[in-house]
Amino acid sequence: KTALVTGVSGFIAQHITDQLLKQGYRVRGTARSTTKYAALTDHFTSIYGKERFEIVEVKDLEDHGAFDEAVKAQDLIFHVASPLPKEGLDPYQGFINPAVNGTLSLLNAAHLYGSASRVVLTSSFAAMRDEPRPADYVYSEKDWNESSLRSVKEQQKGQGIPKAYSASKSEAEKAAWKFMKEKQPRFDLACINPVFVFGPPLLRIEREDDIRFSIRILYSHINGELTSVNQQPNNFVDVRDVARAHVVAATEPRAAGQRFLLSAGAFSSARIAEIIRKRFPNLTKVPTGDPADKLFCNADGSKATEILDIDYIGLEESVTDTIDALKHMVMDQ
Ligand code: NDP
Numbered sequence: 009k010t011a012l013v014t015g016v017s018g019f020i021a022q023h024i025t026d027q028l029l030k031q032g033y034r035v036r037g038t039a040r041s042t043t044k045y046a047a048l049t050d051h052f053t054s055i056y057g058k059e060r061f062e063i064v065e066v067k068d069l070e071d072h073g074a075f076d077e078a079v080k081a082q083d084l085i086f087h088v089a090s091p092l093p094k095e096g097l098d099p100y101q102g103f104i105n106p107a108v109n110g111t112l113s114l115l116n117a118a119h120l121y122g123s124a125s126r127v128v129l130t131s132s133f134a135a136m137r138d139e140p141r142p143a144d145y146v147y148s149e150k151d152w153n154e155s156s157l158r159s160v161k162e163q164q165k166g167q168g169i170p171k172a173y174s175a176s177k178s179e180a181e182k183a184a185w186k187f188m189k190e191k192q193p194r195f196d197l198a199c200i201n202p203v204f205v206f207g208p209p210l211l212r213i214e215r216e217d218d219i220r221f222s223i224r225i226l227y228s229h230i231n232g233e234l235t236s237v238n239q240q241p242n243n244f245v246d247v248r249d250v251a252r253a254h255v256v257a258a259t260e261p262r263a264a265g266q267r268f269l270l271s272a273g274a275f276s277s278a279r280i281a282e283i284i285r286k287r288f289p290n291l292t293k294v295p296t297g298d299p300a301d302k303l304f305c306n307a308d309g310s311k312a313t314e315i316l317d318i319d320y321i322g323l324e325e326s327v328t329d330t331i332d333a334l335k336h337m338v339m340d341q
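Numbers in full-length UniProt numbering are just positions in the sequence shown, counted from 1, shifted up by 8.
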């Protein structure tokens, strides 16, 4: 059994790869550089053997025929690579174009040159969350984000990066479903739509730059960056559940043609700080503040429990395991 994982250098993709290798798959990953991610190759091949894992270079998601070679002879395909929120990029060139064109390029390659039975696309809760909605609205798989692209087009002041990222995710997922409808390929599609992803990185972090987007939120609670906390609720899911949902969705018959919102519940910075203070009393730069009793969660992750058998890891375990994996970055040596 073979599987292709795009953007294998990423936080989520590394966990998907790990779970696939544990299940006996032979994995081909794509990355922007093979040399930069040699440590990842060493990690997987030292455990599973040289024939079980390789990285092929796909420098740019938008290169013509970027995935034409990579998709060949792969039974399953996971398209994970996409730009994460970052300052200073043009909404189209930095986010929307690579996300949409990369997805279409991958699907087209799978259609023309591949033999995979299913493609799993890493979409996002950002492709569902829309505005305006009532404050007590609970999102599910029926929801689509229509407002972010509108905002990007109107170039509303101060709505640059989050809107551009959200628009890239909603437009990429829409483009994927449209492709499926129009081209009717041999393979089917499943989409995974996670909220903020916490959890320990697969490899030991050596440099701050390697702390990827969503766990930077947790890191900011221990490195002195965050000086006060609030009760603002947001939703989280653990990376190990996200990876598992991808892997199960790739073969579960009932996942074909479906999207899955992944959410384990709500967090606030006050709740995170409380967990860290309790579990890591030696960390000295954790902000203080009392957390609210109950936080409102506006994302319903129950379909993934029902169909993909995801029994979500809770906030305390997820935060504890993440901080355990990051704490050496702030402790005196
Ligand atoms: P990472 O930044 O760790 O991984 C992103 C991957 O995509 C990396 O391999 C990165 O390559 C690659 N990539 C990014 N931009 C480009 C580009 N322009 N061209 C080629 N490759 C690119 O993030 P995550 O693992 O967190 O995210 C993976 C997926 O999950 C994304 O699709 C993201 O939208 C989605 N997601 C993430 C959530 C989260 O909270 N983390 C929540 C919901 C969805 P390189 O390593 O070289 O930078």
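Just so you know, even glycine gets a beta-carbon here, dropped at the ideal spot from N, CA and C.
Where residue i falls: helix, strand or coil (DSSP)
i, result
"E314", "helix"
"P193", "coil"
"E149", "coil"
"P202", "strand"
"R63", "The identity of residue 63 in the sequence shown is Ile, whereas the question assumes Arg. I63 falls in the strand class under three-state DSSP."
"R220", "coil"
"N116", "helix"
"F288", "coil"
"Q22", "helix"
"R212", "coil"
"L226", "helix"
"L69", "coil"
"F86", "strand"
"G15", "coil"
Given residue i as reference, the closest of the options once Cα atoms are compared
i, options, result
"A253", "L48, D98 and I315", "I315"
"A74", "I85, A117 and L84", "A117"
"K67", "G110, M188, P93 and A39", "A39"
"A107", "A180, I200, P193 and Y320", "A180"
"A81", "V237, S125 and Y145", "S125"
"I230", "A263, N290, K189 and T10", "N290"
"L114", "L269, L12 and E325", "L12"
"E216", "P170, S41, A78 and K335", "K335"
Rounded C-alpha distance that separates residue i from residue j
i, j, result
"L197", "L112", "13 Å"
"P208", "A281", "17 Å"
"G166", "Y147", "The predicted position of G166 is uncertain, since its pLDDT is 47 and thus under 50; a value taken from the coordinates is nonetheless stated next. Using only the alpha carbons, I get a separation of about 25 Å."
"T328", "F206", "10 Å"
"T259", "Q266", "12 Å"
"T330", "G232", "17 Å"
"W185", "S236", "42 Å"
"P299", "S228", "17 Å"
"G122", "F187", "15 Å"
"E154", "E162", "13 Å"
"N201", "E149", "9 Å"
Contacting residues, own chain, Cβ-Cβ under 8 Å from residue i (five flanking each side not counted)
i, result
"N242", "V203, F204, A274, F275 and S276"
"V255", "I24, Q27, L28 and Q31"
"W152", "A135, M136, D138, S178 and K182"
"R220", "G18, F19, L92 and P209"
Other residues of its chain near residue i: CB distance less than 6 Å, five sequence neighbours each side excluded
i, result
"S271", "V203, N243, V245, A307 and G309"
"I318", "D249, A253 and A312"
"F61", "V35, F52 and T53"
"G297", "V237 and A278"
Neighbourhood of residue i by C-beta, 7 Å cutoff - its chain only, sequence neighbours within 5 removed
i, result
"H51", "L211"
heavy atom of the ligand GTP below 8 Å from residue i C-beta
i, result
"I223", "Ligands in the displayed structure: the ligand NDP; the ligand GTP is not one of them."
(request) Indicate whether the contact test is met: 3 or more Cβ pairs, each with one atom in the region 119-135 and one in the region 83-98, closer than 8 Å. (result) yes
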